[in-house]
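S.K.:
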Amino acid sequence: MKKQFRFFLSKMTFLGIMLMAFLVAGSQTVIGQDKIPSESVTIIVPFSVGGGTDAWARTFAAALSSKKFLRQDVSVSNLPGGQDLRGIGEAFNAKPDGYTLVFFNPPSSPFAWYLHKPKWDIRKLTGIGVYAKDPQVMVARAGYEHKNLKDLMDAISKGEEPKIGLSGLGGIEHIAALLFSKRFNVPLKKFIPYNATADVVSALIRNEVDIAFGSFTAMQSSIEEGNLVGLAVAGQTERSPVIPDVPTFSEFGDPLLELTFSRSIYGPPGLPADIQQYLEKQFMAAQEKDVLLQARFNAYSIKPAMGTGKDAEEQLLRAITLAEELEIEKLLKK
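The working numbering numbers the first residue of the sequence shown as 4 and each following residue consecutively.
1. From which residue to which residue does the alpha helix (DSSP H) around V203 run?
2. Is P138 helix, strand or coil when you go by DSSP?
3. Compute the beta-carbon to beta-carbon distance between T62 and R299, rounded to the nearest angstrom, for a pair I have assumed lies under 8 angstroms.
4. Please determine, among E328, K98 and I195, the residue with the shortest C-alpha to C-alpha distance to L172.
5. So what does DSSP say about Y281, is it helix, strand or coil?
6. Please report the straight-line C-alpha distance between D100 and L274, rounded to a whole angstrom.
7. Threshold first: 4 residues or longer. Then list the alpha helix (DSSP H) segments lying entirely within the region 109-187, N to C.
8. Taking the alpha carbon of E148 as the point to measure from, which residue in F286, I159 and A66 has its own alpha carbon closest?
9. Do V212 and G146 have their CB atoms nearer than 7 angstroms?
10. Tell me whether G229 is buried or exposed, calling it buried when 16 or more other Cβ atoms sit within 10 Å of its Cβ.
11. Across the region 298-314 and the region 85-101, are there enough close Cβ pairs to call them in contact, namely three or more that are closer than 8 angstroms?
12. Could you compute how far the alpha carbon of A215 sits from the alpha carbon of P110?
13. Whose C-alpha, out of S41, G90 and E261, is nearest the C-alpha of E140?
14. For S218, which residues from the same chain have a beta carbon less than 6 angstroms from its beta carbon, with the 5 sequence-adjacent residues on both sides left out?
15. Does F194 come out as helix, strand or coil in the three-state DSSP assignment?
16. Exposed or buried, what is Q36 when buried is set at 16 or more other beta-carbons lying within 10 Å of its beta-carbon?
17. Can you grab the Cα-Cα spacing for the pair E176 / V44, in whole Å?
18. Quick one: what does DSSP say R74 is sitting in, helix, strand or coil?
19. Sorted by chain position, which residues of the same chain lie with C-beta nearer than 6 angstroms to A179's C-beta, five sequence neighbours on each side aside?
20. Short of 7 angstroms in beta carbon distance, which residues of its chain neighbour F106, apart from the five on each side in sequence? Order them along the chain.
21. Counting only the same chain and skipping the five closest in sequence on each side, list residues whose C-beta sits under 6 angstroms from that of P258.
22. Going by DSSP in three states, L341 sits in which element: helix, strand or coil?
23. Exposed or buried, which one is N96 when buried takes at least 16 other CB atoms within 10 Å?
24. Report all residues from its chain with a CB closer than 8 angstroms to the CB of L67; omit the five preceding and five following residues, and keep chain order.
25. By the three-class DSSP mapping on this structure, what secondary structure does G101 have?
26. Quick check: what's the CA-CA separation for A94 versus E163?
27. Taking just the CA atoms, how far does I278 sit from T32?
28. Can you tell me which of the three DSSP states A60 falls into?
29. Is Q262 helix, strand or coil when you go by DSSP?
30. Measuring CB to CB, does E316 end up less than 7 angstroms from G90?
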C-alpha cells in the first residue's frame, strides 16, 4: 500500500510538473508570437519640450499606452542638443529590444549627421514607420512691415537685411533659408540660432528676429492666432486648406520640394525582425484607430502617412543623397 501511495504521489508530482511546464511554455508562446512588451517603453525626442515632434511623440505615447496597442506605459524623454544628434545617438546605442525608440524627421536630422559626422551611422537605425509628411513654411513676425514674400524679396534686393531665426546652425531651417536664398537669388546674411523651433517662435513673437522657416505643424497655430504671418509654404504645390491665404513657393517659381519633413520613428540597429514587425503593426494601427491621433491629424488637415519601417529607412538614405546633391556643406560656408 505504501509503495502504491508513493507511486501515486510520484505520478501526480510528475504530471504537475508537466502541466506547469506546458502552461509556462504556452504563455511564452503567446508572448513570443505577439511580442507584447513586459515593461515600459521610452520614446526619445532629440528636441526640446514644446516643439512639433515633442507634441506628436506625446500623442503617440498616450495612444500606445492603451490596452488597444502596446499595453504598457510609454514615456517621452527629451534629449536635445548636439544638432539633434545627442538624443539620436542615445537611441542608436540602446539595447535593440524594442523598449527604446526615437522620433525625428528626415531630412533634417540626417543633414545634421552628414555635416557633423559622429562615430555612429544614422543609416543603420531600424525603421518603424513614417506617420506624417510635414512641409516647411516661411513666416514673419506679426509686426514686420513686409507681410508677403514678394515685398520681402524686393526689400532684400534693395539692401535690407532681415534677421532670420534658426533652430540651430546646419539644421533643416538653416538649409531651407540657404536653399531659398540660392534658388530665388535673394541674399540672406543675419542668422540667429536658437535651441529649438519653439524658441524661434517665441523669438519672432518678441520681435528678436524678423523671419524664419519651420515645420508647418510647429507654425500653424501661431499663424492662425495672428502671432505670425505666413509668407510661403515649401514642399508642396497646392495651398493648405488650413491656411489657404498663404501661397506656396511654387507660385513664385520653385516649390522647394526637398523641404518636407518625413516624420518618422526608429529603433536601434539590429532590432530583431519580429519585434520590428510588431512595433510597426502597432504604430500603424494607432494612426488608423486612436481618437487623439486622429484629432491631431485632422487639426493639420493631413492624412496619416502610414509609412512602413522600410519607408522610414529609405528616408534616411534619400536625405543623405540629397545632402550630397545639394552640397549642403558648401551652402553653409557661404
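All residues carry an ideal CB built from backbone N, CA and C; glycine is no exception.
M.R.: Put simply:
1. T200 to I208
2. strand
3. 5 angstroms
4. I195
5. helix
6. 6 angstroms
7. 111-119, 152-160 and 175-186
8. I159
9. no
10. exposed
11. no
12. 18 angstroms
13. Reading off the sequence, residue 140 comes out as Val, not Glu. Nearest C-alpha to V140: E261.
14. G55, D137 and F264
15. strand
16. Confidence at Q36 is low in this model, with a pLDDT of 44, below 50, so its placement is unreliable and the value that follows should be read with caution. Exposed, because fewer than 16 other Cβ atoms sit within 10 Å of the Cβ of Q36.
17. 30 angstroms
18. coil
19. Q139, F216 and L262
20. I46, V48, T56, W59, A60 and I268
21. T240 and F252
22. This structure cannot speak to residue 341, because the chain is shown only from 4 to 337.
23. exposed
24. V44, L73, V77, Q285, F286 and A289
25. coil
26. 43 angstroms
27. Residue confidence for T32 is low, a pLDDT of 31 falling below 50, so the modelled location carries little weight; the figure read from the coordinates is stated next. T32 and I278: Cα-Cα distance of roughly 14 angstroms.
28. helix
29. The residue asked about is misnamed: residue 262 is Leu in this sequence, not Gln. The answer is coil: DSSP assigns L262 none of H, G, I, E or B.
30. no
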